[in-house]
Amino acid sequence: KAGVTQTPRYLIKTRGQQVTLSCSPISGHRSVSWYQQTPGQGLQFLFEYFSETQRNKGNFPGRFSGRQFSNSRSEMNVSTLELGDSALYLCASSLTETYEQYFGPGTRLTVT
Amino acid sequence: AQTVTQSQPEMSVQEAETVTLSCTYDTSESDYYLFWYKQPPSRQMILVIRQEAYKQQNATENRFSVNFQKAAKSFSLKISDSQLGDAAMYFCAYRGNNNAGNMLTFGGGTRLMVKP
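Sequence lines, in order, name chains A and B. Position 66, counted from 1, in the first sequence is what this note's numbering calls 66; the numbers after and before it change by one each time, with no gaps. Position 13, counted from 1, in the second sequence is what this note's numbering calls 13; the numbers after and before it change by one each time, with no gaps.
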């Protein structure tokens, strides 16, 4: 079975721009979660989608949003990028909340 | 809110030796899950081991085992017969079981170095 895939792997954007990151979960997995990883703040939960509905949201500003499609693929969007949004964005998928989460390789976003 | 603390930013171990990584957490919930994840330099996060809070028996996975002390809210990871491939960042994570979905709360991580 193919693992969790994230595209693109690397991205460089300018302050003020917006960006969309994509995550394809493992086939059959219905839950997709997003995390931000930075050296200063560590790993922080952004949000989780399950069957196209946002089930949980972390403490991030409204500039961070996401969605999930009927095939469970998920996208997250960050608008009006700030320098502090530079981070590794990790996506994780699982069958349901009772199963382990499997992580993708991440997307490294650099905001200049 | 739940918090997870890893008090050892860095640890080193000699190849073939045993090392223990510490993790403490704070929660008011009685039912939850605890995990250890490994993140090698390649950055892909890999699940090492999981523990359900209602289980008294400590989880083991080959060379990896945990010491789960629910009353003390402690969840340490022991790696036996350390190998060079064990070098990585290790994260302790907590997930509640009260409509919390899949939200993981992570500790700050411990960088493990393995000396040949």
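In this text, a Cβ means the ideal position worked out from N, Cα and C, and glycines have one as well.
So that I know if they touch, is there some Cβ in chain B lying closer than 9 Å to that of Y89 of chain A?
Translated into the one-based positions of the first sequence, residue 89 of chain A becomes position 89. No, its Cβ sits nowhere closer than 9 Å to a Cβ of chain B.
Does the Cβ-Cβ distance between P40 of chain B and A87 of chain B come in under 9 Å?
One-based indexing of the second sequence puts residue 40 of chain B at position 40. One-based indexing of the second sequence puts residue 87 of chain B at position 87. Contact: yes.
Mind checking which residues open and close the beta strand (DSSP E) that includes Q101 of chain A?
Translated into positions along the first sequence, residue 101 of chain A becomes position 101. That residue, Q101 of chain A, is in no beta strand (DSSP E); it is neither H nor E in DSSP.
Expressed to the nearest angstrom, what Euclidean distance is found between the alpha-carbon atoms of Q2 of chain B and F91 of chain B?
For this step, residue 2 of chain B is matched to residue 2 along the second sequence. For this step, residue 91 of chain B is matched to residue 91 along the second sequence. Each residue's Cα considered, the two are about 15 Å apart.
Three-state secondary structure (DSSP) at G109 of chain B?
Taking the first residue of the second sequence as position 1, residue 109 of chain B is located at position 109. Coil.
Considering just the uninterrupted stretch of the beta strand (DSSP E) at T53 of chain A, what are its terminal residues?
For the purposes of this step, residue 53 of chain A is taken as residue 53 along the first sequence, with counting starting at 1. Run containing T53 of chain A: 53-57, per the beta strand (DSSP E) assignment.
DSSP bridge partner residues for C23 of chain B (one or two, in chain order):
As a working note, residue 23 of chain B is residue 23 in the second sequence. In the DSSP output, where bridge partners are listed per residue, C23 of chain B has none listed.
Residues of chain A with a CB under 7 Å from the CB of Q2 of chain B: which are they?
By 1-based counting over the second sequence, the position of residue 2 of chain B is 2. Per Cβ cutoff of 7 Å: no residues; Q2 of chain B is ~11 Å from chain A at best.
Please report the straight-line C-alpha distance between S28 of chain B and P116 of chain B, rounded to a whole angstrom.
Position 28 of the second sequence, counted from the first residue, corresponds to residue 28 of chain B. Position 116 of the second sequence, counted from the first residue, corresponds to residue 116 of chain B. Cα to Cα, the separation comes out at about 42 Å.
Among B:R63, B:V19, B:D31, nearest to A53 of chain B - alpha-carbon criterion
Locating residue 53 of chain B in the second sequence gives position 53, counting from the first residue. Minimum Cα distance to A53 of chain B is reached at B:D31.
From what residue to what residue does the beta strand (DSSP E) around M103 of chain B run?
As a first step, residue 103 of chain B must be located in the second sequence, where it is residue number 103. Counted as a single uninterrupted DSSP element, the stretch harbouring M103 of chain B is not any beta strand (DSSP E), since DSSP gives it neither H nor E.
CB F64 of chain B to CB I79 of chain B, shorter than 9 Å?
Start at 1 with the first residue of the second sequence, and residue 64 of chain B comes out as number 64. Start at 1 with the first residue of the second sequence, and residue 79 of chain B comes out as number 79. F64 of chain B is a Cβ neighbour of I79 of chain B, given a cutoff of 9 Å.
Taking all protein chains shown into account, do 16 or more other C-beta atoms lie within 10 angstroms of the C-beta of Y99 of chain A, making it buried, or fewer, making it exposed?
Counted from its first residue, the first sequence places residue 99 of chain A at position 99. The residue is exposed, with fewer than 16 neighbouring Cβ atoms inside 10 Å.
Counting only Cβ pairs nearer than 7 Å, list the residues of chain A close to N62 of chain B.
On the second sequence, residue 62 of chain B is found 62 positions in, with the first residue counted as 1. In chain order: nothing, as chain A lies at least about 16 Å away.
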